[in-house]
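Okay, structure first, notes after.
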Amino acid sequence: MRAREQPRSLYDEIQELRSLYPVSRSATLPALRLAQERYGWLPPEAFQEVAEALDETPAFCESVASFYDMYHLKPVGRHLVEVCTNISCALVGAQQVLEALESELGVRAGETSDDGEVTLRTIECAGGCGWGTVVAVDHRYRERIQAGDVPALVEELRNG
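Going from the sequence shown to the numbering used here is simple: count from 1 and add 19.
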């Protein structure tokens with residue numbers, strides 16, 4: 020019987036990443052992704068850990084994270100629902116989809132439900148311009164979503 024392996028520290032994982040880049044600062048984005056996977060978002064201690072592993076300052080790491088929409092600077096729900104609101108999706112009903120989601124979930128875009136189950140956000144472009152409205156649910160894209168599809172989508176979230 021093998022002894023149970025201890026999980027690797029975030030520092031060790033970032034050090035492994037760091038070795039793949041000629042300049043440690045170049046590993047900032049993937050290091051932040053690792054920290055976000057570990058914590059579910061990027062709390063202050065995540066910036067401290069990433070900074071220590073990359074020989075940077077926490078302020079530098081936080082400034083990088085705040086530039087990109089893919090990093091969460093506040094806690095998110097167990098499910099993350101993101102609605103593309105860029106022009107292609109907007110022209111085929113993104114606003115109506117967003118309003119239907121807000122109504123069904125009882126939260127506005129940028130908020131998390133009181134039970135911590137769902138965070139609703141808008142995103143600028145999901146890259147599915149020919150298949151709008153695109154709604155990403157836990158990073159899996161749903162295409163051609165209309166407001167009428169929202170009740171079933173929310174029911175799926177609640178049951179799964």
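Note that CB positions come from ideal geometry on N, CA and C, so glycine has one too.
Would you call Q165 buried or exposed, if buried means 16 or more other Cβ atoms sit within 10 Å of its Cβ?
In the sequence shown, the residue the question calls residue 165 occupies position 146. Exposed: under 16 other Cβ atoms inside 10 Å.
Within a Cβ cutoff of 6 angstroms, which residues of the same chain sit near G146, ignoring the five residues on either side of it in sequence?
Sequence index remark: in the sequence shown, residue 146 carries index 127 (1-based). Nothing meets the Cβ criterion.
In the stretch 128-155, which residue ranges form an unbroken beta strand (DSSP E) of at least 3 residues, counting only runs that do not cross its ends?
137-142
Mind checking whether G59 and V95 have CB atoms under 8 angstroms apart?
In the sequence shown, the residue the question calls residue 59 occupies position 40. In the sequence shown, the residue the question calls residue 95 occupies position 76. Against a cut-off of 8 angstroms, the Cβ pair of V95 and G59 comes out as a contact.
Go through its chain and collect everything with a Cβ distance to A72's Cβ below 8 angstroms, but skip five positions before and after it.
Position 53 of the sequence shown holds residue 72. Excluding residues within five positions, the ones whose Cβ falls inside 8 angstroms are L29, Y30, I33, Q34, R37 and A50.
Give the range of the alpha helix (DSSP H) segment to which R57 is assigned.
The residue given as residue 57 occupies position 38 in the sequence shown. Counting along the chain, the alpha helix (DSSP H) containing R57 begins and ends at T47 to Y58.
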